[in-house]
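*Asks:*
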Amino acid sequence: MSAETRRDFLAIAAALSLTPAVFLQACARLAQPGDVEADDAALLAACQRLLPLVDAPAEPFLEAVRQLDALAARDPQAAQAIAAGIAALRRGRPGAAPAGDFLALLIATAIPVLVNHPEIWRVAGYEGESYSRGGYLLRGFNDLAWLPEPPADSMGAVPSGTATGAD
Amino acid sequence: MGDMRFGLDDDGVVVIIGSGAGGGTLANELCQRGIRCVLLEAGRQFTLADFEHDEFAMTRKFIWPDAPDNTSPPPLDRERPHVCKGVGGTTLHWSGLALRLEAHELAARRSYGAISGAALADWPIPADELALWYARAEEKMGVTGTGDRPLLPGNNNFKVLYNGGRQLGYRHISTGRLAINSRPRDGRPACIQMGFCLQGCRIGAKWSTLYTEIPRAEATGRLELRADCTALQIVHDNRHRVSGVLYADSEGRQQLQHARAVCVAANSVESARLLLNSASAAFPDGLANSSGQVGRNYTSHVHEFVMAEMPAPVHYYRGTVQAGLVEDERGHDPRRGFAGGYLLQAISFGLPFTALALLPGVWGPRLATLVENYTHLAGLVILGEDLPQSDNRVTLSSTRKDRFGLPLPGIHRRTHPNDTALMHHARERATALYESLGARRSYVAGSTGLTHNLGTNRMSRSPRDGVVNPWGQCHDIANLFISDGSQFPTSGAANPTLTIVALAMRQAGYIAGQMTARAI
Chain E
47 MSAETRRDFL AIAAALSLTP AVFLQACARL AQPGDVEADD AALLAACQRL LPLVDAPAEP
107 FLEAVRQLDA LAARDPQAAQ AIAAGIAALR RGRPGAAPAG DFLALLIATA IPVLVNHPEI
167 WRVAGYEGES YSRGGYLLRG FNDLAWLPEP PADSMGAVPS GTATGAD
Chain V
801 MGDMRFGLDD DGVVVIIGSG AGGGTLANEL CQRGIRCVLL EAGRQFTLAD FEHDEFAMTR
861 KFIWPDAPDN TSPPPLDRER PHVCKGVGGT TLHWSGLALR LEAHELAARR SYGAISGAAL
921 ADWPIPADEL ALWYARAEEK MGVTGTGDRP LLPGNNNFKV LYNGGRQLGY RHISTGRLAI
981 NSRPRDGRPA CIQMGFCLQG CRIGAKWSTL YTEIPRAEAT GRLELRADCT ALQIVHDNRH
1041 RVSGVLYADS EGRQQLQHAR AVCVAANSVE SARLLLNSAS AAFPDGLANS SGQVGRNYTS
1101 HVHEFVMAEM PAPVHYYRGT VQAGLVEDER GHDPRRGFAG GYLLQAISFG LPFTALALLP
1161 GVWGPRLATL VENYTHLAGL VILGEDLPQS DNRVTLSSTR KDRFGLPLPG IHRRTHPNDT
1221 ALMHHARERA TALYESLGAR RSYVAGSTGL THNLGTNRMS RSPRDGVVNP WGQCHDIANL
1281 FISDGSQFPT SGAANPTLTI VALAMRQAGY IAGQMTARAI
């Protein structure tokens, strides 16, 4: 039940870059009660259900599991909710969804990790931080061309010497 | 940085509590008039380099962590009023929209008539007099679309707002009046469309007292800024005069700064709380509260986010966050079924805030759909007049205390039927705006709180009806002033910062006059 074991699982999952669902189903089938690696596999599967992207990168979900493990390590109440949630998933029929306190904890902890992760941003097409690249003034802030350009009395000119995007 | 130091026993200084739009501006205006000031700020000093393009990190940095004790019924039970602590206050976080209140809003009681359950009042300041101060505030802050300052260019989110607005027949649509430089001005650069306006402007193109008013006040040699200093209690020497402010310094030690006058500008929730926490034998119901109005008529704005997945990419996060304004629904038109009006204001968030704001607590395929179509989102926020209600109020929590052992604010607000009718209308119009351009899906979401906290120390002509007179001077105590949005008798439909700045500029001349005349 060591923290090292948990890290091993996550490291292997990250290194192999396997389609996590396949990997997780294999882990879960082989699971013995109290098996930490199987617990992490179940957590990973639960996190993937929170945000079932068509083209899902692995790392954000592994990071969410790391954060849940870290939370469990410092907060006994959270640890209990996670353990109970995993046990309930195991007892339930295949494909059962997380529920109750466990689900609330996943929503509060894992979703912020996922939506704040650069690899999820890449899937979403969000470019994030812009200061180091001079803002979006020269990088498409007004490049929308599928609608008519608003008239000059509704907005100011783009500062001279800069690209005008759609025009 | 200023290096002026005043003694704790120096009773000639004016102590200002809070360094945002009200307090920061007032400090500079008083210092320019030769008045020595101590500016207490509960948060820390920031530099531009502290402003990260990271929504979560900046929330942790400058949104105050003490959540008020909110006992409101739904839907307001989710709200957690935002208060920014840090030198610059909420001018660190504001979007820059700098809008005047309009004549009908300044005379809400007269314009709307009596409305059951609403404590409507007219502002006791003539609209034409306030207009002069608005013009001065716009000049100070460099507001676009006023004076000779050009509007900001339109970003992609604006193009959607403009075209959808035109489909509905709206005619007053622009990138709006913002205190964000559209060209270099006042030693600060022009906006480079970074996004992240709400996380502190990394280049200082957006006006904030942090790098305008406060350093100018320090340059006079008459301001001592004390950051990391939390006001705990305002103390008085007799029934008619306050004598100083008890505060906790950066080491947590209690200090008493003597004062000739005290000006409270801590944002409405904290300003009312401070007066209530300053109760004494002479003022058992809280300082300056003989009217019983301290904490009452707590208003915000009726607000909701409406975002839509458009048929083609928008990339709404690129560029100035709130450069888009539809003003056609601003007026008072009772045929719509409610009093007062509302604005539609462009707004955008990064992916993290978009997901958490639009789909709070939602997981699974709906969340995945939002993330996968993020680049196609366009968005606006509805901002409408929130009618004052006497029992919507800030009190002291009976159960929860802050780290100094003082009661946290208790908050109780109920939605007025007028708020509901206004929101119903606005939501329909905002959704139609995007549908007119072929939106595939709309998201409508309330928020978990605004920084627009208003009205808890309302202004009135008669001492029976409010806490302060038309100059923000407490009816009960001549040398105690309120210098923030808590003075507002009503909220109007506009973001409050410009009005707070205009009132602070106006108040500074009055305070200086009172001091010269030895009235205080």
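From first to last, the protein sequence lines are chains E and V. Just so we're aligned, residue 47 is where the first sequence starts under my numbering, counting upward by one. Just so we're aligned, residue 801 is where the second sequence starts under my numbering, counting upward by one. Heads up, the beta-carbon is just placed ideally off N, CA and C, and yes, glycines get one too.
Check whether the region 1210–1217 of chain V and the region 938–958 of chain V are in contact - that is, three or more C-beta pairs closer than 8 Å.
*Replies:* With the cut-off at 8 Å, the region 1210–1217 of chain V and the region 938–958 of chain V do not touch.
*Asks:* Using a beta-carbon distance cut-off of less than 7 Å, what residues from the region 1161–1181 of chain V approach chain E?
*Replies:* Flagged, chain order: G1161, W1163, G1164, P1165, L1167, A1168, V1171, E1172, Y1174 and T1175.
*Asks:* Which ranges does the alpha helix (DSSP H) cover as unbroken runs of at least 4 residues, wholly within the region 1026–1082 of chain V, from first to last along the chain?
*Replies:* For the region 1026–1082 of chain V, whole alpha helix (DSSP H) runs of length 4 or above, ordered along the chain, are 1068–1077.
*Asks:* Could you work out which residue in V/L1170, V/Q1314, V/S1291 and V/L1143 is closest to V/A1230 when comparing CA atoms only?
*Replies:* V/A1230 has its Cα closest to that of V/L1143, out of V/L1170, V/Q1314, V/S1291 and V/L1143.
*Asks:* Tell me the rounded alpha-carbon separation between V/L1250 and V/P881.
*Replies:* Cα to Cα, the separation comes out at about 6 Å.
*Asks:* CB V/P1263 to CB V/S1091, shorter than 9 Å?
*Replies:* The answer is yes: Cβ separation under 9 Å.
*Asks:* Once the 5 residues before and after V/V815 are set aside, which same chain residues still bring their CB inside 6 Å of it?
*Replies:* Same-chain partners within the cutoff: V838, V1045, Q1057, A1059 and V1062.
*Asks:* Have a look at the DSSP bridge pairing and note the partners of V/R1193.
*Replies:* Paired residue(s): V/H1212.
*Asks:* Quick one: Cα of V/S982 to Cα of E/R179, how far?
*Replies:* When rounded, the distance between both Cα atoms is 19 Å.
*Asks:* Looking at chain E, which residues of the region 949–961 of chain V have a Cβ within less than 8 Å of any of its Cβ atoms?
*Replies:* Against chain E - using a Cβ distance shorter than 8 Å - the residues of the region 949–961 of chain V are P950, L951, L952, P953, G954, N955, N956, F958, K959 and V960.
*Asks:* Any idea what DSSP makes of E/V111, helix, strand or coil?
*Replies:* In the structure shown, E/V111 sits in a helix (DSSP, three-state: H, G or I).
*Asks:* On a Cα-Cα basis, can you pick out the residue from V/Y1116, V/P1188, V/S1148 and V/G1095 that is closest to V/V1194?
*Replies:* Measuring from the Cα of V/V1194, the nearest candidate turns out to be V/G1095.
*Asks:* Just checking my contact of V/R1022 with V/R836 at CB under 8 Å: how many whole Å lie between their CB atoms?
*Replies:* V/R1022 to V/R836, Cβ: 5 Å. Contact.
*Asks:* Is the number of C-beta pairs between the region 121–135 of chain E and the region 181–197 of chain E that are closer than 8 Å three or more?
*Replies:* No, the region 121–135 of chain E is not in contact with the region 181–197 of chain E.
*Asks:* Within a Cβ cutoff of 7 Å, which residues of the same chain sit near V/L998, ignoring the five residues on either side of it in sequence?
*Replies:* H893, S895 and V1121.
*Asks:* Span of the alpha helix (DSSP H) holding V/I1282?
*Replies:* Counting along the chain, V/I1282 falls outside any alpha helix (DSSP H), though it belongs to the beta strand (DSSP E) covering L1280 to I1282.
*Asks:* For a test of the three-state rule: what should DSSP assign to E/L190, helix, strand or coil?
*Replies:* Note: E/L190 maps to coil in three-state DSSP.
*Asks:* Give the straight-line distance between the Cα atoms of V/I1311 and V/R1026, rounded to the nearest whole angstrom.
*Replies:* Cα-Cα distance, rounded: 22 Å.
*Asks:* Count the other CB atoms within 10 Å of the CB of V/T890; is the residue buried (16 or more) or exposed (fewer)?
*Replies:* Buried.
*Asks:* Measure from the alpha carbon of V/F1281 to the alpha carbon of each residue in V/Y1174, V/V1064, V/V883 and V/S1043, then state which is nearest.
*Replies:* Considering only alpha carbons, the answer is V/V1064.
*Asks:* With DSSP as the reference, label V/G1179 as helix, strand or coil.
*Replies:* Here V/G1179 sits in strand by DSSP.
*Asks:* Please confirm whether E/V111 has its beta-carbon closer than 9 Å to some beta-carbon of chain V.
*Replies:* So no, E/V111 is outside the interface.
*Asks:* On the DSSP bridge list, what partners appear for V/R1227?
*Replies:* Per DSSP, none; premise fails for V/R1227.
*Asks:* Would you mind stating whether V/S1071 and V/P1188 have Cβ atoms separated by less than 9 Å?
*Replies:* No, the Cβ-Cβ distance between V/S1071 and V/P1188 is not below 9 Å.
*Asks:* With DSSP collapsed to three states, give me the class of E/M201.
*Replies:* Coil at E/M201, not helix or strand.
*Asks:* Enumerate in chain order the residues of its own chain whose CB-to-CB distance from V/R900 is below 6 Å, with the five nearest sequence positions on each side excluded.
*Replies:* Closer than 6 Å at Cβ, skipping near neighbours: Y934.
*Asks:* Within a Cβ cutoff of 7 Å, which residues of the same chain sit near V/D1202, ignoring the five residues on either side of it in sequence?
*Replies:* Only D866 and L1208 meet the Cβ criterion.
*Asks:* Suppose the cutoff is 7 Å on Cβ atoms and the five residues either side in sequence are ignored; what does the same chain contact list for V/A903 look like?
*Replies:* Result list for V/A903: A927, in chain order.
*Asks:* Check each candidate in V/I973, V/R909, V/P874 and V/V1114 and name the one with the smallest Cα separation from V/N955.
*Replies:* If we check each option's Cα against that of V/N955, V/V1114 comes out closest.
*Asks:* So who's on the other strand from V/S974, going by DSSP bridges?
*Replies:* Answer by DSSP bridge pairing, in chain order: V/L1125.
*Asks:* Return yes when the Cβ of V/M994 is within less than 9 Å of the Cβ of V/R985, no when it is not.
*Replies:* No.
*Asks:* Report buried or exposed for V/Q1287, applying the criterion of at least 16 other Cβ atoms within 10 angstroms of its Cβ.
*Replies:* Buried, since its Cβ has 16 or more Cβ neighbours within 10 Å.
*Asks:* Where DSSP assigns a beta bridge to V/Q1093, which residues make up the other side?
*Replies:* Paired residues: none, contrary to the question.
*Asks:* Across which residues does DSSP place V/L1144 in a beta bridge pair?
*Replies:* V/L1144 is bridged to V/V1126 and V/I1182.
*Asks:* Are the CB atoms of V/I1147 and V/G1179 within a distance shorter than 9 Å?
*Replies:* Yes. Within cutoff.
*Asks:* Quick one: give me the first and last residue of the alpha helix (DSSP H) that V/F856 is part of.
*Replies:* First-last of the alpha helix (DSSP H) with V/F856: E855 to F862.
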